[in-house]
Amino acid sequence: MKTFKKVALIAVIFLLLIIGSSCLVITQEDEYSLIRQFGKVDHVVTEAGVSFKLPFVQTVDKLPKQTLLYDLASSDVITSDKKTMITDSYILWHITDPLKFAQTLNSSISNAESRLDTIVYNSTKNIIGSMTQEDVISGRDGELSAAVLANIGNALDQYGIELLSFETKHLDLPGDNKAAVYERMISERDNIAATYTAEGNSEAQIIRNNTDREVTIMISEAEKQAEILIAEGEAEYMRILSEAYADPSRTEFYSFVRSLDAIKVSMTGDNKTLILSSDSPIARIFY
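This is the structure:
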């Protein structure tokens, strides 16, 4: 009898433990707890800690509270000038309203990702479809991301979801027209470089022409001043000679010096013999 009571007591305690544990709901910092009653969400626990539910009647579902990453599949988009591009991107998102998320997406992360995939792709297609291929290639990722997020707007609020970020990993061209686009871009850059080179050469020629003109003017002015100085020197020389010959006391001396100069000039070569007639003006200086 005592053994039966012990077994019964242990069974009761074990049953109470089962019932007690089924009443407890432990919610972590990075999750929501959805308390369901007969399959319908009765209430949501959003704060971390321990809460209670009705045993055997209510059940618990968990939803992530942290930021989630979803890698979108690579897809083709067409620009406004009918050129195809390949976009490869990812998004960061989180659940803001777990009750609405449970009601619209059946608490399924895969359902949410499928809906996100469709909405983000359509938005990306609309934004890139309004741009030319050249604008897409030369644009910055930040501008494209901001435009996509702005285009989505509040469309995800109905699912209790917030889209935090949209980032493009690759925005590339299909292999069949990538080379042609690159060649066109290189040709355009070559044309721009040729234009800059031609403008630079033109400016350089103008500078050279101006410099040559200034140098020519300076040389001409210098030659003019040299001619003036030479003329003034010759005039001064002739004036001195004139004054010298005008003075009777100096005339004979200068005649003597000039005769010596004439003799010096005439005595060239190895033969230093000078033959003069008696009536030669030069011979007279030796008399």
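Numbering (our numbering), first residue to last: 15 to 301.
In this text, a Cβ means the ideal position worked out from N, Cα and C, and glycines have one as well.
Computed from a prediction, not measured in an experiment: that's the story for all the values here.
Would you call the CB atoms of residue i and residue j closer than 8 angstroms?
i	j	result
residue 98	residue 92	yes
residue 121	residue 177	no
residue 65	residue 59	yes
residue 116	residue 55	yes
residue 141	residue 169	no
residue 118	residue 172	yes
residue 181	residue 201	no
residue 216	residue 106	no
residue 143	residue 89	no
So, is residue i buried or exposed, given that buried needs 16 or more other C-beta atoms within 10 angstroms?
i	result
residue 174	buried
residue 112	buried
residue 126	buried
residue 52	exposed
residue 46	buried
residue 147	buried
residue 145	buried
residue 87	exposed
residue 249	exposed
residue 3	Nothing in the structure corresponds to residue 3, since the chain is present only between 15 and 301.
residue 256	exposed
residue 71	exposed
residue 221	exposed
residue 150	buried
residue 138	buried
residue 109	buried
residue 41	buried
residue 206	exposed
residue 233	exposed
residue 166	buried
residue 214	exposed
Which one or two residues does DSSP pair with residue i in a beta bridge?
i	result
residue 90	100
residue 47	59 and 76
residue 177	107
residue 84	105
residue 121	Answer is none; residue 121 lacks a bridge partner.
residue 65	39
Note down, in chain order, each residue of its chain lying with its Cβ closer than 7 angstroms to the Cβ of residue i, except the 5 sequence neighbours on either side.
i	result
residue 253	none
residue 83	104 and 106
residue 43	62
What I want to know is whether the C-beta of residue i ends up closer than 7 angstroms to one or more non-hydrogen atoms of the ligand GDP.
i	result
residue 117	No copy of the ligand GDP occurs in the structure displayed, which carries no ligand at all.
Practice item. Check whether the stretch 74-82 touches the stretch 131-141, taking contact to mean three or more Cβ pairs, one atom from each stretch, closer than 8 angstroms. Key: no
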